[in-house]
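Worksheet: the structure to be examined is printed underneath.
Protein chains: 2
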Amino acid sequence: MAPCASLLLPVFVILATLPIIQSVPTFFPRPSYDQSLAKQPKASKPKIPYKTHYFPQVLDHFTFQPKSSKIFYQKYLVNSNYWHRGAPIFVYTGNEGDIEWFAANTGFLLDIAPKFRALLVFIEHRFYGESMPFGNNSYKSAETLGYLNSQQALADFALLIRSLKHNLSSEASPVVVFGGSYGGNGGTAVLIFLSPVKLVSLFLVFNEKVFSSLSLSVLAAWFRLKYPHIAIGALASSAPILQFDDITPWSSFYDAVSQDFKEASLNCYEVIKGSWAELEALSAQKEGLAELSRTFRACQDLHSLDSVWEWLWSAFVYTAMVNYPTDANFMMPLPAYPVQAMCKIIDGFPSGASKITRVFAAASLYYNYSRAEKCFKLEHGPDAHGLHGWDWQACTEMVMPMTCSEESMFPTSSFSYKEFAEDCMRTFGVKPRPHWITTEFGGKRIELVLKRSGGNIIFSNGMQDPWSRGGVLKNISSSIIALVTEKGAHHVDFRSATKDDPEWLKELRRQEVEIIQGWINQYYPDLKRTNKE
Amino acid sequence: MAPCASLLLPVFVILATLPIIQSVPTFFPRPSYDQSLAKQPKASKPKIPYKTHYFPQVLDHFTFQPKSSKIFYQKYLVNSNYWHRGAPIFVYTGNEGDIEWFAANTGFLLDIAPKFRALLVFIEHRFYGESMPFGNNSYKSAETLGYLNSQQALADFALLIRSLKHNLSSEASPVVVFGGSYGGNGGTAVLIFLSPVKLVSLFLVFNEKVFSSLSLSVLAAWFRLKYPHIAIGALASSAPILQFDDITPWSSFYDAVSQDFKEASLNCYEVIKGSWAELEALSAQKEGLAELSRTFRACQDLHSLDSVWEWLWSAFVYTAMVNYPTDANFMMPLPAYPVQAMCKIIDGFPSGASKITRVFAAASLYYNYSRAEKCFKLEHGPDAHGLHGWDWQACTEMVMPMTCSEESMFPTSSFSYKEFAEDCMRTFGVKPRPHWITTEFGGKRIELVLKRSGGNIIFSNGMQDPWSRGGVLKNISSSIIALVTEKGAHHVDFRSATKDDPEWLKELRRQEVEIIQGWINQYYPDLKRTNKE
Numbered sequence: 024m025a026p027c028a029s030l031l032l033p034v035f036v037i038l039a040t041l042p043i044i045q046s047v048p049t050f051f052p053r054p055s056y057d058q059s060l061a062k063q064p065k066a067s068k069p070k071i072p073y074k075t076h077y078f079p080q081v082l083d084h085f086t087f088q089p090k091s092s093k094i095f096y097q098k099y100l101v102n103s104n105y106w107h108r109g110a111p112i113f114v115y116t117g118n119e120g121d122i123e124w125f126a127a128n129t130g131f132l133l134d135i136a137p138k139f140r141a142l143l144v145f146i147e148h149r150f151y152g153e154s155m156p157f158g159n160n161s162y163k164s165a166e167t168l169g170y171l172n173s174q175q176a177l178a179d180f181a182l183l184i185r186s187l188k189h190n191l192s193s194e195a196s197p198v199v200v201f202g203g204s205y206g207g208n209g210g211t212a213v214l215i216f217l218s219p220v221k222l223v224s225l226f227l228v229f230n231e232k233v234f235s236s237l238s239l240s241v242l243a244a245w246f247r248l249k250y251p252h253i254a255i256g257a258l259a260s261s262a263p264i265l266q267f268d269d270i271t272p273w274s275s276f277y278d279a280v281s282q283d284f285k286e287a288s289l290n291c292y293e294v295i296k297g298s299w300a301e302l303e304a305l306s307a308q309k310e311g312l313a314e315l316s317r318t319f320r321a322c323q324d325l326h327s328l329d330s331v332w333e334w335l336w337s338a339f340v341y342t343a344m345v346n347y348p349t350d351a352n353f354m355m356p357l358p359a360y361p362v363q364a365m366c367k368i369i370d371g372f373p374s375g376a377s378k379i380t381r382v383f384a385a386a387s388l389y390y391n392y393s394r395a396e397k398c399f400k401l402e403h404g405p406d407a408h409g410l411h412g413w414d415w416q417a418c419t420e421m422v423m424p425m426t427c428s429e430e431s432m433f434p435t436s437s438f439s440y441k442e443f444a445e446d447c448m449r450t451f452g453v454k455p456r457p458h459w460i461t462t463e464f465g466g467k468r469i470e471l472v473l474k475r476s477g478g479n480i481i482f483s484n485g486m487q488d489p490w491s492r493g494g495v496l497k498n499i500s501s502s503i504i505a506l507v508t509e510k511g512a513h514h515v516d517f518r519s520a521t522k523d524d525p526e527w528l529k530e531l532r533r534q535e536v537e538i539i540q541g542w543i544n545q546y547y548p549d550l551k552r553t554n555k556e
Numbered sequence: 024m025a026p027c028a029s030l031l032l033p034v035f036v037i038l039a040t041l042p043i044i045q046s047v048p049t050f051f052p053r054p055s056y057d058q059s060l061a062k063q064p065k066a067s068k069p070k071i072p073y074k075t076h077y078f079p080q081v082l083d084h085f086t087f088q089p090k091s092s093k094i095f096y097q098k099y100l101v102n103s104n105y106w107h108r109g110a111p112i113f114v115y116t117g118n119e120g121d122i123e124w125f126a127a128n129t130g131f132l133l134d135i136a137p138k139f140r141a142l143l144v145f146i147e148h149r150f151y152g153e154s155m156p157f158g159n160n161s162y163k164s165a166e167t168l169g170y171l172n173s174q175q176a177l178a179d180f181a182l183l184i185r186s187l188k189h190n191l192s193s194e195a196s197p198v199v200v201f202g203g204s205y206g207g208n209g210g211t212a213v214l215i216f217l218s219p220v221k222l223v224s225l226f227l228v229f230n231e232k233v234f235s236s237l238s239l240s241v242l243a244a245w246f247r248l249k250y251p252h253i254a255i256g257a258l259a260s261s262a263p264i265l266q267f268d269d270i271t272p273w274s275s276f277y278d279a280v281s282q283d284f285k286e287a288s289l290n291c292y293e294v295i296k297g298s299w300a301e302l303e304a305l306s307a308q309k310e311g312l313a314e315l316s317r318t319f320r321a322c323q324d325l326h327s328l329d330s331v332w333e334w335l336w337s338a339f340v341y342t343a344m345v346n347y348p349t350d351a352n353f354m355m356p357l358p359a360y361p362v363q364a365m366c367k368i369i370d371g372f373p374s375g376a377s378k379i380t381r382v383f384a385a386a387s388l389y390y391n392y393s394r395a396e397k398c399f400k401l402e403h404g405p406d407a408h409g410l411h412g413w414d415w416q417a418c419t420e421m422v423m424p425m426t427c428s429e430e431s432m433f434p435t436s437s438f439s440y441k442e443f444a445e446d447c448m449r450t451f452g453v454k455p456r457p458h459w460i461t462t463e464f465g466g467k468r469i470e471l472v473l474k475r476s477g478g479n480i481i482f483s484n485g486m487q488d489p490w491s492r493g494g495v496l497k498n499i500s501s502s503i504i505a506l507v508t509e510k511g512a513h514h515v516d517f518r519s520a521t522k523d524d525p526e527w528l529k530e531l532r533r534q535e536v537e538i539i540q541g542w543i544n545q546y547y548p549d550l551k552r553t554n555k556e
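Sequence order for the protein chains is A and F. Okay, so the first sequence: first residue is 24 according to the working numbering, each after it adds one. Okay, so the second sequence: first residue is 24 according to the working numbering, each after it adds one.
Here it is, written out as structure tokens:
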């Protein structure tokens, strides 16, 4: 069975055998986009101190055909509680998902808004949430989805911000953009059955809330680089802008996940590493799947080992990402330092316990911390429908090859551009442009490039977060700063401050605020001098 | 009759009454794109030391529809006579017209290539020359023309340069982009009849060679700003990047033309200023047009005064642009300091001579310096066809409002965004996006913005050139430099060096070379340090 996913995200998607697609599974299955289909209660919209607005956005910024100027309504949220005209504007560059979830889970901005008298603006990303260029038909095909890409999204932000400042009569306000995570309000794991395809094909999809974190953070950095006349600076938290082409070793992501577990406990790492083979051996036995169904408390009998692998895989990868120092409910409710908690579970069994038993118990921490779940939905039937925007983006421009090395705790796997392209063609009818991102935005030798251009960017990364390996981890210039925390995880800085925050987290936020204050302190005198000339 | 053109370019286009368009003339007539129709001999392709290549270019860089990946062949020229692997690459970002004309008329690059051991690359702009995405149907409608815009062109350059460096195994070569003029090899004035439309509507089109100069130079600056990871620096000569929105006063262009003539001779300026009314008065008389036909040696009897106005207008505007210190043949063969020469002609008549007589004689310098022309084609019949790419670009994104003030030597006129948009809709079926360029590229408070981002750009401007008023005329930072020459004209620095060049021109080129050398001297050690890390 194909081992480790060799694709860009640890958010794997499995292709359901839908009538509208080939029955042979592919790289990019169609996850359940519709939360209702996942039979999970759609979490009620959080109560957040923002007003909702809609901006008439241009469909295609980069061609001038008659249809290019079609208007769709892009949602954005505003908090003006602390603001006055002329004061800074903090813009959160939205990503895949309902913008309310982002706003609800980026308490950091609410924490610092008073100090800066900042206007807070959260802009929903096109093709997500309510911001659908073609209404319910937005995901119909490559014809409609074709307009979903990062350059169109950045231009959306540029137009919206400019228009907003004009309408608020506050064109002199400095704008700072933020790319951070989006704390889910109970992420829903949606797993869809996939028959194995040779050389890797196990993917697991989480709901869009998880994807968001990735795209958002890179967008803020790219926005400052491409639109320095609109944003005076950017805070890009956990932004893997170097996870393209061969800038970052392809194995680094899964090596980092493995390192998190290994550092918690060598035994823990070894148990997980050895569990895949044990699972495979069991599934090959007569009644093996039945036993697995019992062991894993599957709501319905399992048909294949794939879903078990995916279920475990996701738990470990996501837990590494959200290895926060305090109790949190980012994607799932978890205790503080959940990687350590998982390893404690694994290590806590009597010495005769099987690896399968141990890893199931550990993963259950991720899925069932509340102990409310009676069974787990490891498999979904073939009625899942809908394409996820991130899958599209992954198949077009956001191509991030990933492999699993011998040192990782996952089964080894490789990545093939050719097979990847074939799968994307099969699924979406499009060919990826795997080197487009580095042509459009750069990345190679970034320290050389940005030393002589660009400025006012903070790249923050927590080393628990596997995405950090694709990030900027060293200062590039006096105004392009890398803030690295050994114990930080994915966008930890963007969470609301709590009384239990460790000192290093408080210090990280303090430094970010100080740097941003510096940009703003520089801006107003610059502006004054310019106005005089 | 509507006076001064209130539109962006001094290159005016007049709508021919074509069967496929409305018979009521509009802002944007359809000039004769086909040189053969203009009954001018198409100048034979110059002999230039470049090899021709074709690059398989992507049609649409910013959407991912199936048709977006359509390939067309983009022409580019290469001179590798002085180059070795690893040495710098100088790229000339092409613009509207056959790339050979550019290469033939940018002798500056050939002059400096040996010193830098530079590879010279001239890239043809999409939708011009041979680089037609839809072959002969490229100009058919907004459906095809929609792909003609500056962001697509910049992305073309990015992809091509990256690919070229890869194929030459010279990925470490520093790339410098150049935006300069394109010396025409005898620009052809093509005039097409236009019935007046209220509030301005006289336009005159020159062949594409003239338009080119404008677009090219801004593209180099924008390329360095958007793709600093591909070009380490840019020399943008006569680049009016501030001629958008209300950054530059709308009257500045025609005020600058007028200032050139006024400085040559106050009387000259006053004669030209007074000639329009005299012409109008004459044309209103019985047999007035017949007399004008004789005075202006029109090849065919004139039907309206418009073409006479346009003929004169163009001569004065273009002569100001190319007011070079030496004999030149940029758009038309002219003596050194042709503005002064024209004014000498105007002032040289006996005191009783009419203004009409004087201005005709002066303008003849532009059209007939060689004295070979027996008559002048002031009007063309309604059989002109074809759309010019620049007209399209002017109607979509390159919106540069221009007006004529009371102080100018042209009849006063205004600009109306509303009327402009209506005309563009009538002509091309598209609505302009008049503020898109400043959203996408910036421009407002550029000194504030680029002080904290960007770097390694030279903006050179000659103050004889009316386009200079929309350029960057002051240093912005230690590496964004403005080189201004009082006596310089349009892209004077890009012409080949001659023994007659004045000292200020030699000094201008010397400084440019020194600054570029500085970028390159910085680059190689930077690269070495990066490779070590």
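The beta carbon of each residue, even a glycine, is placed where N, CA and C say it ideally should be. Please read all numbers here as calculations on a predicted model, not as lab measurements.
Any beta-carbon of chain F closer than 8 Å to the one on residue i?
i, result
"R185 (chain A)", "yes"
"F276 (chain A)", "no"
"K441 (chain A)", "no"
"S192 (chain A)", "no"
"T462 (chain A)", "yes"
"L265 (chain A)", "no"
On the three-state DSSP scale, how would you describe residue i?
i, result
"V362 (chain F)", "helix"
"G485 (chain F)", "strand"
"F319 (chain A)", "coil"
"Q80 (chain F)", "strand"
"L550 (chain A)", "helix"
"P390 (chain A)", "Residue identity differs from the one stated: residue 390 (chain A) is Tyr in this sequence, not Pro. Y390 (chain A) falls in the helix class under three-state DSSP."
DSSP beta-bridge partners for residue i?
i, result
"S436 (chain F)", "F:C427"
"L258 (chain A)", "A:F201 and A:I481"
"V536 (chain F)", "Beta-bridge pairing links V536 (chain F) to no other residue."
Ordered along the chain, which non-local residues of its own chain (more than five positions away) have a Cβ less than 8 Å from that of residue i?
i, result
"G130 (chain A)", "F517, R518, S519 and A520"
Indicate whether at least one CB of chain A lies closer than 8 Å to the CB of residue i.
i, result
"N172 (chain F)", "yes"
"E470 (chain F)", "yes"
"S476 (chain F)", "yes"
"G465 (chain F)", "yes"
"E166 (chain F)", "yes"
"N346 (chain F)", "no"
"S91 (chain F)", "yes"
Here's a check: name, in chain order, each residue in its chain whose Cβ is nearer than 6 Å to the Cβ of residue i, leaving out the five neighbours to either side.
i, result
"L60 (chain A)", "In this predicted model, L60 (chain A) has a pLDDT of only 28, less than 50, meaning its place in the structure is not dependable; the value taken from the coordinates is given anyway. Once the five neighbours on either side are set aside, L60 (chain A) has no close Cβ partner at all."
"E301 (chain F)", "K378 and I379"
"I14 (chain F)", "The requested residue 14 (chain F) does not occur in the structure, where chain F is confined to residues 24 to 556."
"R185 (chain A)", "none"
Between residue i and the ligand COA, is the CB less than 7 Å from at least one heavy atom?
i, result
"F372 (chain A)", "Absence of the ligand COA from the depicted structure is noted, as is the absence of any ligand whatsoever, leaving it without description."
Residues in its own chain within less than 7 Å of residue i by CB, not counting five upstream and five downstream?
i, result
"T179 (chain F)", "It is Asp, not Thr, that sits at residue 179 (chain F) in the sequence shown. Only Q80, Q97 and R149 meet the Cβ criterion."
Counting pairs of beta carbons, one from the region 82–92 of chain A and one from the region 164–180 of chain F, are three or more of them closer than 8 Å?
-> They touch, by the three-pair rule.
Validate contact between the region 103–120 of chain A and the region 139–155 of chain A using beta carbons, cut 8 Å, 3 pairs | With a cut-off of 8 Å, the region 139–155 of chain A and the region 103–120 of chain A count as touching, because enough Cβ pairs lie within range.
Meets three-Cβ-pair contact criterion under 8 Å: the region 269–287 of chain F and the region 360–374 of chain F | Yes, they touch.
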